[in-house]
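Just remember that our numbering sits 836 ahead of the position in the sequence shown, which is counted from 1.
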Amino acid sequence: MILYHVGFDIIKDINLKHGRINADFGQGFYLSNNIDFSKKWATIKNDRDTILNYYDLDLNSLNVLEFKERNKEWFDYIFKNRNGNSDIYKKYDVIIGPIANDTIFDLYGIVTSGLINNELALKILNIGDAYYQIVLKSEKAKANIKFLKYEILNKEDIKNNLNEIRKIEEEYQDKVFNLLDDKVKNILS
């Protein structure tokens, strides 16, 4: 399985502890299986190059959990991780599943305040295209990944992509607003 990781460093030796504990699938090394997605969501950091790292992962001997869709089980797992709860799936070497857009932070506050329920939050998270993330969670998984090469991304291409991302985010926000009931709309507007 060919995978990609975008950042500002060439990463030949991955660090499983580098990622946030409260990320979608808990702490681990996050990758994508979609090169176009990886390039589209790349960012620029002042005087640094933006690096696209390429890897090959052999899943054969690994314990893999795969969420095939954005469903209740997926939502509950992400919601618990983002809330800082203990990772209930830490027995897995690799977790694969859809990326939750970053509005989950906002949704967490809205859900915990009682303004919307988990069902509506899940509907909101199902808006837009589903892109998948592959997270290495164990030393065994780390031993099964091989660094292939890296590419320095063109800053002009990244800037053009960022403009496209802004449009996608605006469309997303409009769709979210249309899902919310009048009570929530009044509070948010």
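C-beta atoms are modelled at their ideal positions from N, C-alpha and C, and glycine is treated no differently.
Just so we're clear, the structure is a prediction, and the values are computed from it rather than from any experiment.
- Query: Got a sec? Which residues, its chain only, sit under 6 Å from L901 by beta carbon, not counting five neighbours each side?
  - Reply: Closer than 6 Å at Cβ, skipping near neighbours: Y925, Y928, I931.
- Message: So, does the region 880–891 touch the region 841–858, judging by three or more C-beta pairs under 8 Å?
- Response: Segments in contact, yes.
- From this set, S922, L895, V1012, which residue's C-alpha is nearest K978's C-alpha? Considering only alpha carbons, the answer is L895.
- Task: Measure the CB-CB distance between I963 and Y1008 and report whether it falls below 8 Å.
- Result: The Cβ atoms of I963 and Y1008 lie closer than 8 Å to each other.
- Message: Using DSSP's beta-bridge definition, name the partner residues of S868.
- Response: Note: S868 sits in a beta bridge opposite Y840, Q969.
- Task: Whole angstroms is fine: what's the gap from K908's alpha carbon to D892's?
- Result: Rounded to the nearest whole angstrom, the C-alpha separation of K908 and D892 is 30 Å.
- Do you know offhand how far N980's Cα is from F861's? Approximately 19 Å between the Cα atoms of the pair.
- Query: Taking just the CA atoms, how far does W877 sit from I1001?
  - Reply: Those two C-alpha atoms are separated by around 7 Å.
- Using 10 angstroms around the beta-carbon of L984, count the other beta-carbons present and answer buried if the total reaches 16, otherwise exposed. Counting of Cβ neighbours within 10 angstroms places L984 among the exposed residues, the total staying below 16.
- Euclidean distance between Cα positions of K784 and P934: Nothing can be reported for residue 784: it is not among the residues displayed for the chain, which extend from 837 to 1025.
- Could you tell me which residues DSSP pairs with N835 in its beta bridges? Residue 835 is absent from the structure shown; the chain starts at 837 and stops at 1025.
- Anyone know if the C-beta pair for F865 and L1016 falls short of 8 Å? No, Cβ-Cβ distance for F865 and L1016 is not below 8 Å.
- Message: List, from N- to C-terminal side, the beta strand (DSSP E) runs of 3 residues or more that fit wholly inside the region 919–957.
- Response: For the region 919–957, whole beta strand (DSSP E) runs of length 3 or above, ordered along the chain, are 930–934.
- Message: Below 8 Å on the Cβ atoms is my contact criterion, and I expect I970 with N899 to pass it. Report the Cβ-Cβ distance as a whole number of Å.
- Response: With 8 Å as the limit, I970 and N899 do not qualify as a contact, their Cβ atoms being about 14 Å apart.
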